[in-house]
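Visitor: My questions all concern the structure below.
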Amino acid sequence: MVAEQTIPGVILCFSATILLLLVCSTSPTTSITYFLDVLLPTGTHIHYGLYGSTGSKSRIGYRFDVPGFNLAESRLSSDAIFDLTKALVLHPIGAALAFIAFCFGLWGLCRHRMGTILMACLSSVAAFIIIIAWIIQITLFTIARTELRNQGFQAEYGYAIWITLVALVTLLIGFCAAVVGIFGRYKRKAYSEVRH
Numbered sequence: 096m097v098a099e100q101t102i103p104g105v106i107l108c109f110s111a112t113i114l115l116l117l118v119c120s121t122s123p124t125t126s127i128t129y130f131l132d133v134l135l136p137t138g139t140h141i142h143y144g145l146y147g148s149t150g151s152k153s154r155i156g157y158r159f160d161v162p163g164f165n166l167a168e169s170r171l172s173s174d175a176i177f178d179l180t181k182a183l184v185l186h187p188i189g190a191a192l193a194f195i196a197f198c199f200g201l202w203g204l205c206r207h208r209m210g211t212i213l214m215a216c217l218s219s220v221a222a223f224i225i226i227i228a229w230i231i232q233i234t235l236f237t238i239a240r241t242e243l244r245n246q247g248f249q250a251e252y253g254y255a256i257w258i259t260l261v262a263l264v265t266l267l268i269g270f271c272a273a274v275v276g277i278f279g280r281y282k283r284k285a286y287s288e289v290r291h
């Protein structure tokens, strides 16, 4: 028999994990999701993701090297921007914590209150990390989009920014559901006392 009050938190933590895994598979790993889409005058697109851009090697921390873009005359050449691209590594950390919270939630489904408590704790830590990651990514890619547009490039946000936001909201709701689940009924009495 399962602890029904734990089910919503488990489902939400699992959903957040899947969404964050989509974000972690951004350019250059795959071209399905990306944070920023830059249209070159030649008609080709460059997608910027977690570990670089289309056609580049995967690495933590990168520069916005767009053909025809004068990097030296923009704010994108600063070391602070380079450091912000390194901080995008918070996404896989948040995804891992959301997955661990999901695993503890499964334990909570087996009628163990401690599993639900640990799911609530880890989902709150994951949500905190993803809040920081989302603030960093929206700041970074807004600056990049503005600088690229100032030099005549077409630059638009990608799906990964909004997928991260949905994962964040899912984690926050999952945390609330886990907290509510903590106070549910977990054990039945092994025997009942009969008084004569």
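Residue numbers (this note's numbering): 96 to 291. We put the beta carbon where it would ideally sit given N, CA and C, even for glycine.
Can you tell which of Ala228, Gly247 and Gly147 has its C-alpha closest to the C-alpha of Gly189?
Guide: On the sequence shown, position 94 is the one that residue 189 refers to. Out of Ala228, Gly247 and Gly147, Ala228 has the C-alpha closest to the C-alpha of Gly189.
Visitor: Does the distance from the CB of Gln249 to the CB of Asn165 come in under 8 angstroms?
Guide: Position 154 of the sequence shown, counting from 1, holds the residue named residue 249. Position 70 of the sequence shown, counting from 1, holds the residue named residue 165. No, the pair does not count as a contact, with Cβ atoms beyond the cut-off.
Visitor: Could you compute how far the alpha carbon of Gly163 sits from the alpha carbon of Tyr146?
Guide: Residue mapping note: residue 163 aligns to position 68 of the sequence shown, counting from 1. Residue mapping note: residue 146 aligns to position 51 of the sequence shown, counting from 1. Roughly 22 angstroms separates the two Cα atoms.
Visitor: So, using beta-carbon positions, are Leu217 and Leu192 closer together than 8 angstroms?
Guide: Counting from one through the sequence shown, the residue named residue 217 turns up at place 122. Counting from one through the sequence shown, the residue named residue 192 turns up at place 97. The answer is yes: Cβ separation under 8 angstroms.
Visitor: Between which residues of its own chain and Val42 is the CB-CB distance below 6 angstroms, once the five residues before and five after are set aside?
Guide: Summary: the structure shown does not reach residue 42, with the chain confined to residues 96 through 291, and so no result is reported for it.
Visitor: Can you confirm whether the region 134–146 touches the region 199–215 when touching is taken to mean that 3 or more C-beta pairs between the two stretches lie within less than 8 angstroms?
Guide: Touching, no.
Visitor: Which one of Gly253, Ala221, Thr234 and Tyr252 has the shortest CA to CA distance from Thr265?
Guide: Counted from its first residue, the sequence shown places residue 265 at position 170. Taking only the C-alpha atoms, the option nearest Thr265 is Ala221.
Visitor: Classify Gln232 as helix, strand or coil using the three-state DSSP reduction.
Guide: Taking the first residue of the sequence shown as position 1, residue 232 is located at position 137. DSSP places Gln232 in helix when its eight states are reduced to three.
Visitor: With DSSP run on the structure shown, which of helix, strand or coil describes Asp132?
Guide: Position 37 of the sequence shown holds residue 132. Strand.
Visitor: Could you have a look at Gln246 and say whether DSSP puts it in helix, strand or coil?
Guide: One-based indexing of the sequence shown puts residue 246 at position 151. It is coil, neither helix nor strand.
Visitor: Helix, strand or coil, according to DSSP, for Ser219 in the structure here?
Guide: Start at 1 with the first residue of the sequence shown, and residue 219 comes out as number 124. In this structure, Ser219 counts as helix in the three-state DSSP scheme.
Visitor: Since Ala273 contacts Ala111 with CB under 8 angstroms, what's their CB separation in whole angstroms?
Guide: Position 178 of the sequence shown holds residue 273. Position 16 of the sequence shown holds residue 111. Between Ala111 and Ala273 the Cβ distance is about 12 angstroms, and since that is not below 8 angstroms, they are no contact.
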